[in-house]
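Here is the structure we will look at.
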Amino acid sequence: MTQLEYKLHIDSIIERVEKARLGVGMNGHHIVKIVAVSKYSTSEEIKALYEIGQRAFGENKVQDLAKKAEELDELPLEWHFIGNLQKNKINQLIKINPFLFQSLDSLDLALELDKRLEAHGSKMEALLQINSAYEETKSGVMPEAAIDTYNEIASTCKNIHLKGVMSIGAHTDDKDIVKKSFETTHDIYTKLDGATICSMGMSGDFELAISCGSNMVRIGSLMFNK
Ligand SMILES: *Cc1c(COP(=O)(O)O)cnc(C)c1O
Numbered sequence: 000m001t002q003l004e005y006k007l008h009i010d011s012i013i014e015r016v017e018k019a020r021l022g023v024g025m026n027g028h029h030i031v032k033i034v035a036v037s038k039y040s041t042s043e044e045i046k047a048l049y050e051i052g053q054r055a056f057g058e059n060k061v062q063d064l065a066k067k068a069e070e071l072d073e074l075p076l077e078w079h080f081i082g083n084l085q086k087n088k089i090n091q092l093i094k095i096n097p098f099l100f101q102s103l104d105s106l107d108l109a110l111e112l113d114k115r116l117e118a119h120g121s122k123m124e125a126l127l128q129i130n131s132a133y134e135e136t137k138s139g140v141m142p143e144a145a146i147d148t149y150n151e152i153a154s155t156c157k158n159i160h161l162k163g164v165m166s167i168g169a170h171t172d173d174k175d176i177v178k179k180s181f182e183t184t185h186d187i188y189t190k191l192d193g194a195t196i197c198s199m200g201m202s203g204d205f206e207l208a209i210s211c212g213s214n215m216v217r218i219g220s221l222m223f224n225k
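No gaps in the numbering here: position 21 of the sequence shown is 20 in numbering that gives the first Met the number 0, and each next residue is one more.
If you want it as structure tokens, here you go:
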């Protein structure tokens, strides 16, 4: 793809997001942010997308995030961490100081993270990941426990600033089941005090996610044309 073709490709994704968000109604006030998931991509590819105008990027491994954030240190990028955080990687993530940690998936992890943040004199903004599709292979708190867990973290972990929820749609071709998982997450989101981010939707299902109320989509393979 030439640079022009790539720009047109990105424009077509933005247009799809626009169409989906205008379909939500609210007189066009439902704003959706695109996070480009760069986990399959190199720093050069991230830079090419930045030059088209993309600022927010997401990685799912702390080592990869550390490497790319360092390689691209000159650029004013906004980094999102979207993967499973092992406790032995917490300090490394704190040092990177991501814009948003989207995949906080248990009270236990929150307590440990909060303790390390306190020791570093740092704060972190985070989303609670919800396993709305009830899939064993996925991380996240179960929908029934989500509101209590969210409130517990908000009240006990002073160094973590919870901003909302994240989830991955059900892993199936059955749109009704995917939709149901998004609705479950959005329903929880609306019941949380002060939450402003509902992150759901990926390359294959972002329009459906937006129609269910998502205001942050994480698009990887499609954004990088992989
Ligand atoms: C990889 C990943 C994405 C992006 O997936 P695509 O299907 O490539 O768009 C979004 N969210 C999470 C948590 C991921 O791990």
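Ideal placement from N, C-alpha and C gives every residue a C-beta, glycine not left out.
DSSP places residue 98 in the coil class of the three-state scheme, outside both helix and strand. The DSSP-derived three-state label of residue 169 is coil. Here residue 162 has 99, 124, 125, 126, 194, 195, 196 as same chain residues with Cβ atoms under 8 Å from its own Cβ, once five neighbours each way along the sequence are excluded. At a cut-off of 7 Å, the beta-carbon of residue 167 counts as near ligand 1: some heavy atom of the ligand is closer than that. The beta carbons of residue 31 and residue 15 sit about 11 Å from each other, so the pair does not count as a contact at 8 Å. In the displayed model, residue 81 falls within coil according to three-state DSSP, outside both helix and strand. In this chain, the alpha helix (DSSP H) harbouring residue 13 covers 2-22. Taking a contact as a CB-CB distance under 8 Å, the pair residue 102 and residue 138 counts as one, their CB atoms being some 7 Å apart. Here residue 37 is buried. Its C-beta has 16 or more other C-beta atoms within 10 Å.
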